[in-house]
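Trainee: Below is a structure I'd like to ask you about.
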Amino acid sequence: MEMVFDNYIVGTFLVPLFAFLFLFILRRYNNNNNDNNTRKKRFEKGYSREIKTQTGAGKGECSPGNGSGDDVIIVGAGVAGAALAYTLGKDGRRVHVIERDLTEPDRIVGELLQPGGYLKLVELGLEDCVEDIDAQRVLGYALFKDGRNTKLSYPLGKFQADVSGRSFHNGRFIQRMREKAATLPNVKLEQGTVTSLLEEKGTILGVQYKTKDGEELRAYAPLTIVCDGCFSNLRRSLCNPKVDVPSCFVGLVLENCELPFSNHGHVILADPSPILFYPISSTEVRCLVDVPGKKVPSVANGEMANHLKTVVAQQVSCIDCPLQTLFYHGLIEESVLFQVPPELRDAFIAAVDKGNIRTMPNRSMPADPHPTPGALLMGDAFNMRHPLTGGGMTVALSDIVVLRDLLRPLHNLHDAASLTSYLESFYTLRKPVASTINTLAGALYKVFSASPDEARKEMRQACFDYLSLGGVFSTGPVALLSGLNPRPLSLVLHFFAVAIYGVGRLLLPFPSFQRMWIGARLISSASGIIFPIIKAEGVRQMFFPATVPAVYRAPP
Numbered sequence: 001m002e003m004v005f006d007n008y009i010v011g012t013f014l015v016p017l018f019a020f021l022f023l024f025i026l027r028r029y030n031n032n033n034n035d036n037n038t039r040k041k042r043f044e045k046g047y048s049r050e051i052k053t054q055t056g057a058g059k060g061e062c063s064p065g066n067g068s069g070d071d072v073i074i075v076g077a078g079v080a081g082a083a084l085a086y087t088l089g090k091d092g093r094r095v096h097v098i099e100r101d102l103t104e105p106d107r108i109v110g111e112l113l114q115p116g117g118y119l120k121l122v123e124l125g126l127e128d129c130v131e132d133i134d135a136q137r138v139l140g141y142a143l144f145k146d147g148r149n150t151k152l153s154y155p156l157g158k159f160q161a162d163v164s165g166r167s168f169h170n171g172r173f174i175q176r177m178r179e180k181a182a183t184l185p186n187v188k189l190e191q192g193t194v195t196s197l198l199e200e201k202g203t204i205l206g207v208q209y210k211t212k213d214g215e216e217l218r219a220y221a222p223l224t225i226v227c228d229g230c231f232s233n234l235r236r237s238l239c240n241p242k243v244d245v246p247s248c249f250v251g252l253v254l255e256n257c258e259l260p261f262s263n264h265g266h267v268i269l270a271d272p273s274p275i276l277f278y279p280i281s282s283t284e285v286r287c288l289v290d291v292p293g294k295k296v297p298s299v300a301n302g303e304m305a306n307h308l309k310t311v312v313a314q315q316v317s318c319i320d321c322p323l324q325t326l327f328y329h330g331l332i333e334e335s336v337l338f339q340v341p342p343e344l345r346d347a348f349i350a351a352v353d354k355g356n357i358r359t360m361p362n363r364s365m366p367a368d369p370h371p372t373p374g375a376l377l378m379g380d381a382f383n384m385r386h387p388l389t390g391g392g393m394t395v396a397l398s399d400i401v402v403l404r405d406l407l408r409p410l411h412n413l414h415d416a417a418s419l420t421s422y423l424e425s426f427y428t429l430r431k432p433v434a435s436t437i438n439t440l441a442g443a444l445y446k447v448f449s450a451s452p453d454e455a456r457k458e459m460r461q462a463c464f465d466y467l468s469l470g471g472v473f474s475t476g477p478v479a480l481l482s483g484l485n486p487r488p489l490s491l492v493l494h495f496f497a498v499a500i501y502g503v504g505r506l507l508l509p510f511p512s513f514q515r516m517w518i519g520a521r522l523i524s525s526a527s528g529i530i531f532p533i534i535k536a537e538g539v540r541q542m543f544f545p546a547t548v549p550a551v552y553r554a555p556p
């Protein structure tokens with residue numbers, strides 16, 4: 001309903017504009033016709049869009065007004081950059097992409113695309129990029145805790161058969177998108193390192209970069225979009241980069257093993273923090289072990305291997321396990337469990353022994369932009385969340401759809417001030433998907449991580465049991481996580497429903513003062529988890545987007 005309301009409001013602004021625009025276009029048609037014919041002839045003759053060195057300019061420099069003729073410069077060709085290049089190129093924009101390394105990336109994250117992200121991929125015409133890379137269909141999650149498990153399936157009933165999550169090698173997926181973008185004649189991919197943004201009187205005019213041969217060049221365009229990833233060195237002037245590193249992922253690849261639930265991601269609520277398993281090919285399973293804090297044991301001297309074997313894969317005492325769990329598994333006498341499921345333990349140890357252990361800091365950064373004429377941030381350079389829920393690519397692709405729709409009515413991007421004012425609506429229109437996934441990722445990570453606090457323990461157990469109830473109690477949260485139901489209010493309701501469910505378990509059948517005290521702390525703990533995340537995301541944009549004036553601005 002929110003989107004329908006917004007579209008009608010925008011429509012009321014656009015309809016009266018059409019009469020004015022029609023007269024305006026007729027008046028300018030004759031003036032622009034000659035320029036358009038010239039561009040067309042240049043393009044048909046294979047007009048080179050390499051940056052030209054003008055007489056009187058320094059080596060490798062071009063004039064902002066008469067340079068390469070690019071409409072958009074994109075810094076970075078990862079998931080966001082490559083998808084954006086194809087999307088804008090398909091709409092007829094002349095796009096210049098500058099990527100530090102055009103060889104196939106090898107990463108341990110960005111390997112799980114949620115169903116909501118796949119739908120955005122379809123909307124962008126990029127769904128074939130998950131074909132021929134041995135991508136695996138993902139139909140939901142399996143959750144493990146203290147020897148118990150529950151299966152959470154995506155609510156895909158109303159979608160076509162091909163709609164599901166996808167998991168794959170990140171590098172293969174990116175290369176497929178780069179290749180597809182490169183098939184467009186108006187998209188140029190170049191290997192180079194952007195060293196700075198070119199600014200004049202507060203407006204970004206382009207970029208300065210170094211080619212793979214070491215030559216310093218400048219490129220100009222009316223719009224520069226920075227998509228250079230989580231380690232971006234350009235975002236500082238375009239946003240408030242409050243980067244938090246709550247933990248690190250330790251990555252392994254398990255070979256030739258069967259997951260307990262095929263075509264599902266597996267989340268182990270281990271001590272001290274979650275462990276993830278999901279397929280990335282027909283023969284490989286990715287394992288990501290979350291290690292809290294910024295520092296991890298050394299891989300080089302063997303500390304990490306020892307940690308994985310003795311801490312992660314260890315037998316754990318079930319002193320703190322719920323009594324029903326011990327009865328259910330017949331473990332009253334034995335009272336020990338393995339953190340890693342028995343079906344995966346041998347493959348896990350074998351992967352540790354093989355030694356190909358990778359680490360990656362988990363970064364979180366709320367979107368806090370400084371609207372700057374001539375420039376825009378996208379992807380992980382702009383907004384990050386804990387990768388526990390695998391929502392990063394879904395947010396990036398959703399942002400691209402929003403930006404594409406905003407830019408489509410514009411034929412001229414050269415009025416930087418007007419364009420910046422108009423694009424301020426982007427930051428609100430992206431919120432339903434972005435804020436839902438961001439908030440859920442941050443909240444779930446804190447709930448799923450072990451804690452000595454009794455209230456946090458109860459919250460963790462209540463969350464597992466709530467999801468195990470099935471029906472709306474599982475499909476609701478999973479629809480949020482998957483990007484299929486991007487509704488922040490629904491997220492908040494489910495989150496506090498878990499907390500209330502936990503309090504009810506404490507108070508029934510015989511409440512005591514101690515249990516009432518733990519219940520009160522549980523509600524306080526839940527509030528302390530979710531409210532700071534919501535504040536960082538922006539309460540008004542999340543829950544009251546219709547009150548933000550920027551969403552009603554007409555195209556310049």
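Quick note on numbering: the sequence shown equals residues 1 to 556 in UniProt numbering.
C-beta: ideal position from N, C-alpha, C; glycine also.
Figure out for me which residue from 228, 365, 524 has the closest Cα to the Cα of residue 241.
Mentor: 365
Trainee: Tell me the DSSP secondary structure of residue 210 in three-state form.
Mentor: strand
Trainee: Can you give me the C-alpha to C-alpha distance between residue 420 and residue 404, rounded to a whole angstrom?
Mentor: 15 Å
Trainee: Grab the span of the beta strand (DSSP E) containing residue 141 for me, first residue to last.
Mentor: Its beta strand (DSSP E) spans residues 140 to 145.
Trainee: Residue 443: buried (16+ other C-beta within 10 angstroms of its C-beta) or exposed?
Mentor: Residue 443 is buried by the Cβ-count criterion.
Trainee: Grab me the residues of residue 298's own chain with a C-beta within less than 8 Å of its C-beta, minus the 5 sequence neighbours each way, in chain order.
Mentor: Same-chain partners within the cutoff: 304.
Trainee: Please state whether the Cβ-Cβ distance between residue 542 and residue 435 is less than 7 Å.
Mentor: yes
Trainee: Taking residue 212 as the reference, which of 546, 195, 81, 361 has the closest Cα?
Mentor: 195
Trainee: State buried or exposed for residue 514, treating a residue as buried only when at least 16 other CB atoms are found within 10 Å of its CB.
Mentor: exposed
Trainee: When you compare the CB positions of residue 73 and residue 313, do they come within less than 7 Å of one another, or not?
Mentor: no
Trainee: On the three-pair Cβ rule with 8 Å, is the region 124 to 139 touching the region 93 to 105?
Mentor: no
Trainee: Let's test the definition: count the other Cβ atoms within 10 Å of the Cβ of residue 471 and tell me whether it reaches 16, buried, or not, exposed.
Mentor: exposed
Trainee: Is it a yes or a no for the region 475 to 487 touching the region 511 to 527, going by three-plus beta-carbon pairs under 8 Å?
Mentor: no
Trainee: With a Cβ-Cβ cutoff of 7 Å, do residue 155 and residue 479 count as a contact?
Mentor: A contact, by the Cβ cut-off of 7 Å.
Trainee: Where does residue 362 sit, in a helix, a strand or coil, going by DSSP?
Mentor: strand
Trainee: Can you tell me whether residue 319 is helix, strand or coil according to DSSP?
Mentor: Only weak support exists for where residue 319 lies, its pLDDT of 44 falling under 50; the value from the coordinates is given anyway. Three-state DSSP puts residue 319 in coil, outside helix and strand.
Trainee: Buried or exposed: where does residue 417 fall if 16 or more other Cβ atoms within 10 Å of its Cβ makes it buried?
Mentor: Residue 417 is exposed by the Cβ-count criterion.
Trainee: Measure the C-alpha to C-alpha separation of residue 95 and residue 447 and round it to an integer number of angstroms.
Mentor: 43 Å
Trainee: How many angstroms separate the CA atom of residue 507 from the CA atom of residue 230?
Mentor: 45 Å
Trainee: Pairing CB atoms from the region 142 to 161 with CB atoms from the region 178 to 191, are three or more of them under 8 Å?
Mentor: The region 142 to 161, when compared against the region 178 to 191, does not touch it at the 8 Å Cβ threshold.
Trainee: So is residue 460 buried or exposed if we call it buried at 16+ other beta carbons inside 10 Å?
Mentor: buried
Trainee: For residue 175, name the three-state secondary structure that DSSP assigns.
Mentor: helix
Trainee: Mind pulling the alpha helix (DSSP H) runs of 4 or more residues that sit fully within the region 370 to 457?
Mentor: 392 to 407, 416 to 423, 426 to 429, 431 to 448
Trainee: Less than 7 Å between the C-beta atoms of residue 269 and residue 288, yes or no?
Mentor: Against a cut-off of 7 Å, the Cβ pair of residue 288 and residue 269 comes out as no contact.
Trainee: Among the residues of its own chain, which have a CB less than 6 Å from the CB of residue 48, if the five just before and after it don't count?
Mentor: In this prediction, residue 48 scores a pLDDT of 33, lower than 50, which makes its location untrustworthy; the coordinate-derived value is nonetheless stated afterwards. If we look at residue 48 and ignore the five residues flanking it on each side, it has no Cβ neighbours.
Trainee: Can you tell me whether DSSP reads residue 568 as helix, strand or coil?
Mentor: Residue 568 lies beyond the stretch modelled for the chain, which goes from 1 to 556, so this question has no answer here.
Trainee: Hey, which unbroken runs of the alpha helix (DSSP H) at 4 residues or more fall wholly within the region 457 to 510?
Mentor: 472 to 481, 488 to 507
Trainee: Is residue 91 helix, strand or coil when you go by DSSP?
Mentor: coil
Trainee: Under a Cβ-count criterion, where at least 16 other Cβ atoms within 10 Å of its own Cβ denotes burial, should residue 202 be classed as buried or exposed?
Mentor: By the neighbour-count rule (16 or more Cβ atoms within 10 Å), residue 202 is not buried but exposed.
Trainee: Look at the Cβ atom of residue 133, then the Cβ atom of residue 172, and state whether they are nearer than 7 Å.
Mentor: Contact flag set, yes.
Trainee: Taking a contact to mean a Cβ-Cβ separation below 7 Å, would you say residue 227 touches residue 85 in this structure?
Mentor: no
Trainee: With which residues is residue 149 paired in a DSSP beta bridge?
Mentor: 144
Trainee: Whole angstroms is fine: what's the gap from residue 252's alpha carbon to residue 546's?
Mentor: 45 Å
Trainee: Measuring straight from C-alpha to C-alpha, what distance separates residue 554 and residue 424?
Mentor: 11 Å
Trainee: With a Cβ-Cβ cutoff of 7 Å, do residue 548 and residue 428 count as a contact?
Mentor: yes
Trainee: Whole angstroms are fine: how far does the CA of residue 234 sit from the CA of residue 224?
Mentor: The straight-line gap from Cα to Cα measures roughly 11 Å.
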